[in-house]
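J.:
In full-length UniProt numbering, the protein residues as written are 1 to 340.
Put into structure tokens, the structure is as follows:
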């Protein structure tokens with residue numbers, strides 16, 4: 001009886017899994033069909049715009065050619081008139097009738113449609129550069145939009161990170177298996193260690209970040225927090241910019257508060273005109289040299305992306321300047337991928 005019940009339970013589970021498989025297949029096919037339709041519409045729209053731009057260039061070419069043909073005809077007419085006057089003057093110079101000479105010379109000297117035409121500037125580029133720049137700008141904006149909207153992060157890219165107790169500052173507390181750090185009011189009197197930040201309230205991860213890696217953090221507090229990546233050899237002892245995340249060429253840092261977001265590198269601050277978020281996703285492609293920060297909720301929104309060259313392995317770091325601030329390294333998600 002007991003075995004029969006277990007068989008029934010497993011058969012029910014099998015049916016549920018089969019239904020789940022069918023739902024996944026149907027959903028995937030629907031997504032493919034919808035995507036194909038949308039991309040076809042995008043391509044059609046781009047083709048229509050291409051034809052419009054081509055027609056615009058053709059109209060500009062014809063208008064410019066008509067203008068230049070009129071100017072060319074005018075110049076050739078003026079040259080012809082000037083040559084005729086030169087011929088008449090040469091013939092007049094041989095006359096012995098002084099009265100006729102004076103009358104004819106006066107007539108030839110009076111301008112009659114042979115004035116010098118206004119100065120003409122020949123612009124070989126004309127206005128085609130503006131069209132070319134507009135198309136180039138459109139291409140750049142389209143690529144940026146694709147980078148921002150289509151984010152695919154595979155499950156294998158998620159990093160399971162922990163914080164290194166040997167690096168934690170005396171005013172920081174680690175908890176929950178070294179996945180949470182909190183700013184303390186009091187000195188925790190940790191033993192001295194060569195890798196410990198002895199002044200800056202900072203901590204680094206135990207694991208390095210190489211290849212393609214993604215992780216998420218949640219932060220809370222009344223002031224701000226710095227979510228960073230850093231080379232291992234950042235200075236640990238003493239004060240000054242060489243020790244602080246984002247204030248040197250060894251580290252990159254996103255400063256988050258309840259009202260603003262800023263990016264720091266090499267002591268240069270970049271204010272970001274984006275909404276603040278309490279959950280931040282960080283994506284590193286070490287080989288490609290890209291570092292991206294995302295606001296994470298039901299969807300992902302790009303906050304900032306950096307293109308550089310990483311010369312060493314990176315470590316995750318946090319700077320907590322104010323009492324009560326907490327940062328948590330989130331557990332990897334179970335989804336196969338995200339696509340936003």
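Built from N, CA and C at the ideal position, the CB exists for glycine as well.
Report the residue from 253, 60, 87 whose alpha carbon sits nearest the alpha carbon of residue 226.
T.: Comparing Cα-Cα distances from residue 226 to each of 253, 60, 87, the minimum goes to 253.
J.: Kindly confirm or deny that the stretch 279-294 and the stretch 203-223 touch, where touching means at least three C-beta pairs closer than 8 Å.
T.: The stretch 279-294 is in contact with the stretch 203-223.
J.: With DSSP collapsed to three states, give me the class of residue 183.
T.: It is a strand residue.
J.: What does the alpha-carbon distance come out to for the pair residue 230 and residue 314?
T.: Roughly 5 Å separates the two Cα atoms.
J.: Just reading off the beta strand (DSSP E) that residue 201 is part of, what are its end residues?
T.: Taken as a continuous stretch (DSSP letters only), residue 201 belongs to no beta strand (DSSP E), as it is neither H nor E.
J.: In whole angstroms, give me the CA-to-CA distance for residue 36 and residue 162.
T.: Cα to Cα, the separation comes out at about 41 Å.
J.: Among the residues of its own chain, which have a CB less than 7 Å from the CB of residue 246, if the five just before and after it don't count?
T.: If we look at residue 246 and ignore the five residues flanking it on each side, its Cβ neighbours are 226, 228, 252, 253, 264, 265.
J.: Find out if the Cβ-Cβ distance for the pair residue 293, residue 203 is shorter than 8 Å.
T.: Contact flag unset, no.
J.: Using 8 Å for Cβ pairs, my map puts residue 326 next to residue 219. What's the rounded Cβ distance?
T.: The pair is a contact, with the Cβ atoms about 7 Å apart (cut-off 8 Å).
J.: Using 8 Å as the threshold, is the C-beta distance between residue 172 and residue 320 below it?
T.: Going by C-beta atoms, residue 172 is nearer than 8 Å to residue 320.
J.: Should residue 175 be labelled buried (16 or more other beta-carbon atoms within 10 Å of its own) or exposed?
T.: Exposed.
J.: Check the C-beta distance from residue 269 over to residue 262 and give it rounded, since I have them as a contact under 8 Å.
T.: At roughly 6 Å, the Cβ-Cβ gap stays under 8 Å, so residue 269 and residue 262 are in contact.
J.: Buried or exposed for residue 3, please, with buried defined as at least 16 other CB atoms from any protein chain shown within 10 angstroms of its CB.
T.: It counts as exposed.
J.: Taking just the CA atoms, how far does residue 18 sit from residue 25?
T.: Roughly 11 Å separates the two Cα atoms.
J.: Considering only residues of the same chain and omitting the five flanking positions on each side of residue 77, which have a CB-CB separation below 8 Å?
T.: Once the five neighbours on either side are set aside, residue 77 has no close Cβ partner at all.
J.: So which of 167, 222, 206 has the shortest CA-CA distance to residue 198?
T.: Here the closest residue by C-alpha is 167.
J.: Work out the CA separation of residue 237 and residue 39 for me, nearest whole Å.
T.: Going from the Cα of residue 39 to the Cα of residue 237 covers about 54 Å.
J.: DSSP three-state label for residue 241, please.
T.: Residue 241 falls in the helix class under three-state DSSP.
J.: What are the boundary residues of the beta strand (DSSP E) that residue 321 is part of?
T.: Premise fails: residue 321 is in no beta strand (DSSP E) and is neither H nor E.
J.: Going by alpha carbons, who is nearest to residue 221 out of 324, 64, 59?
T.: For the residues 324, 64, 59, the minimum Cα distance to residue 221 belongs to 324.
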